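One structure is given below, encoded as structure tokens.
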Amino acid sequence: MKKKICMLIVVLILISSISFSAFAQELDKEKFDSDVDFMKNVIYFVLNQYQYDVDQNEIMNGLYNGFFSVLDEYSIYYTEEKYQSLITDTAGEFVGIGVQIIDSDGKIVVVTPLPNSPALEVGIKAGDTIKYVDDIDITGYTSSEAANKLIKGKEGTPVKIGIVRDGKNLTFDIIRRTIVTSKVESEIMDNEIGYLKVTEFSDNTTDLVKKELSKFDDNNINKIVIDLRNNGGGTLGAAVDMLNLFVTEGPLVYVDYATGKEDIYTSDLKEQKYKIALLINSGSASATEIFAGAVKYKNEGILVGTQSFGKGIVQSLYKLNGAGVKFTTAEYFSVNRTPVHKIGITPDILVENPTIDFAKYPQFSKENKSNLGDVSLDVLSAEMILQTLGYSVNKPDGVYDKTSFEQIQKFQDDNNLYAYGIIDITTQNTLYAALDNYAKNSLPDLQLQTAIEQLNK
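Under the UniProt record's numbering, the residues of the sequence shown are numbered 1 to 457, in order.
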């Protein structure tokens, strides 16, 4: 314990010795030094009197998290593990086997193998439990630990994945390769209008969009619906790069930093190639609002949907000894310096889509596994979702009877899960995902219909 305390104090001394030149006007240096000394004394006192051992990393993470908690909700301290995951998400691609995984009762369970992935090609299925990676038992690992420390690796390198499926042990020898995670989808609709859906702005988003646009060009498509609904944002650079494909030359966004510096991002596009309609909603935020604002305020497309989220601030990410910090460093303004933060972007045509009232479905516990004869809210929620999806269940009552049991088995089989009738955590997640998919695909999309009508005028 003494060694842990000494190491902790060394770190605190290093922190307190950082130059005050950057924030001398904000902090009283003498009082700050006094506060740090007091904090060290408190830590000494507590650790010497506390009954149990405390992990040093937990202490430091607690201190960092406590500091960032007094900043805004977008300012975060990342442990080394979480920082690596964030970098992967921002890049929009990673090298691995291509599976989405979750933690479930100390086990790593496959939610789904990704399209065109090595995992899918060798036969890994949703619901499989990953037990071993290169003969290392990963029971008790978090999904992030398993992915970043063992499953991911260098392009072209082999990895042996041990799977438990239906009580049987299976082994798959897989060669890692680059997996693209940034989602860009397109289709050519019957009315010769292109549909482009972008769900995040990552480093590779613009390149993916260009590939889809080439398909439109090959078919002489010049009217496009760009769907940015529920796109929570991403990197500013990706949004600006994509705007250069659709919005003509001139300033697109102004970024004003706390230091007094201002960056102005522009488009160099000489002439619009496509007539565009943009779909947004309350889930459209940050970089998405940069894109939507430029289209709206330059009058180079029509916006359809509902008011966007209203996140007009910029966070900068810094790496610190493997860990990382992200905090708010600037605010951005749209064309003509129009404010966005806590205001959002108002669509040109306000259209509400019919929705399912998700609140009426009890939340799954994500802890219990319901079996035949059980009575619980998990059972009630499963029965209600099955009924909505068209499965033949009796009136939902929360009692796990034989009919509901058989229909859960059918649902599990329909979704490539282990069809044993137990409403486990994977089944709960899949039921809710199926309900969400039903809401998206089975109800009329009035926003899309309106966008199409506007493009055809």
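All residues carry an ideal CB built from backbone N, CA and C; glycine is no exception.
Bear in mind the structure is a predicted one, so any value in this text is a computation, not a measurement.
Rounded to whole angstroms, what is the Cα-Cα separation between residue i and residue j?
i, j, result
"Ser117", "Thr129", "18 Å"
"Asp401", "Gln412", "17 Å"
"Lys131", "Asn368", "21 Å"
"Asp378", "Ala146", "29 Å"
"Asp137", "Asp424", "22 Å"
"Ser21", "Glu187", "Below a pLDDT of 50, predicted positions are generally treated as unreliable, and Ser21, at 42, falls in that range; no measurement from the model is reported."
"Glu289", "Asn371", "46 Å"
"Ala418", "Arg165", "Per the sequence shown, the amino acid found at residue 418 is Tyr instead of Ala. Approximately 8 Å between the Cα atoms of the pair."
"Val111", "Leu170", "17 Å"
"Asn57", "Asn281", "40 Å"
"Ser202", "Thr346", "24 Å"
"Glu300", "Leu252", "12 Å"
"Val99", "Asp227", "26 Å"
"Gly322", "Ser144", "15 Å"
"Asp256", "Asn244", "21 Å"
"Glu271", "Lys211", "20 Å"
"Phe38", "Tyr52", "22 Å"
"Val247", "Tyr254", "16 Å"
"Ala24", "Ala258", "Any reading at Ala24 must be qualified, since the residue scores a pLDDT of 42, below 50, and its modelled position is unreliable; no value is offered."
For residue i, collect the residues of the same chain with a Cβ closer than 8 Å to its Cβ; drop the 5 residues on either side in sequence, then sort them by chain order.
i, result
"Ile174", "Ile97, Pro118, Ala119, Val122, Pro158, Val159, Lys160, Ile161"
"Asn61", "Tyr77, Thr79"
"Gln387", "Val393, Pro396"
"Gly421", "Asn371, Leu372, Phe405, Glu406, Ile408, Gln409, Gln412"
"Phe68", "Ser75, Ile76, Tyr77, Val325, Phe327"
"Val209", "Val184, Leu196, Val198, Met242, Leu245"
"Leu114", "Gly98, Val99, Gln100, Leu120, Ile179, Thr181"
Go through its chain and collect everything with a Cβ distance to residue i's Cβ below 6 Å, but skip five positions before and after it.
i, result
"Ala439", "Ile356"
"Asn415", "Thr430"
"Gln447", "Leu279, Val304, Gly305, Val351, Asn353"
"Thr199", "Lys183, Asn231"
"Gln428", "Phe364"
"Tyr361", "Ser381, Met384"
"Glu185", "Lys197"
"Asp103", "Thr142, Ser143"
"Ile224", "Gly194, Leu196, Tyr274, Ile276"
First and last residue of the alpha helix (DSSP H) that includes residue i?
i, result
"Lys215", "205-218"
"Val36", "29-49"
"Pro118", "118-122"
"Gln454", "446-455"
"Tyr274", "Neither: Tyr274 is in no alpha helix (DSSP H) and is coded neither H nor E."
"Glu58", "56-68"
"Leu431", "425-442"
"Gly305", "First-last for Gly305: 302-305, but that is the beta strand (DSSP E), not the alpha helix (DSSP H)."
"Ile290", "287-297"
Please check if any C-beta of chain C sits within less than 8 Å of the C-beta of residue i.
i, result
"Ser404", "Absent from the structure: chain C. Only one protein chain is present."
Is residue i near the ligand PLP, with its Cβ less than 7 Å from a heavy atom?
i, result
"Thr205", "You won't find the ligand PLP in this model; it holds no ligand whatsoever."
For residue i, which residues in the same chain have their Cβ closer than 7 Å to its Cβ, ignoring the five residues on either side in sequence?
i, result
"Asp207", "none"
"Ser286", "Gly232, Gly233, Lys311"
"Met189", "Tyr195"
How is the beta strand (DSSP E) around residue i delimited, first residue to last?
i, result
"Asn246", "Per the sequence shown, residue 246 should be read as Phe rather than Asn. Run containing Phe246: none; DSSP gives neither H nor E here."
"Gly324", "323-334"
"residue 500", "Shown here, the chain extends from 1 to 457; a query on residue 500 therefore has no answer."
"Thr112", "107-113"
"Tyr78", "76-78"
"Ile313", "313-320"
"residue 458", "Residue 458 lies beyond the residue range present for the chain, which begins at 1 and ends at 457; the question has no answer from this structure."
"Val225", "223-227"
(message) So, does the region 386-396 touch the region 333-345, judging by three or more C-beta pairs under 8 Å?
(response) no
(request) Decide yes or no for the touch test of the region 314-330 against the region 65-75: beta carbon pairs closer than 8 Å, at least 3 of them. (result) yes
(message) Ignoring anything shorter than 4 residues, give me the alpha helix (DSSP H) runs that lie fully in the region 370-423, in order along the chain.
(response) 377-389, 402-414
(message) Whether or not the region 257-273 and the region 303-311 are in contact is what I'm after, with contact meaning three or more pairs of Cβ atoms, one per stretch, closer than 8 Å; do they touch?
(response) no
(request) Identify every run of the beta strand (DSSP E) within the region 137-201, keeping only runs that are complete inside it and at least 3 residues long; order them along the chain. (result) 158-165, 168-175, 177-180, 184-188, 194-198
(request) Decide if the region 211-218 is in contact with the region 232-240; the criterion is three or more beta carbon pairs, one per stretch, under 8 Å apart. (result) no
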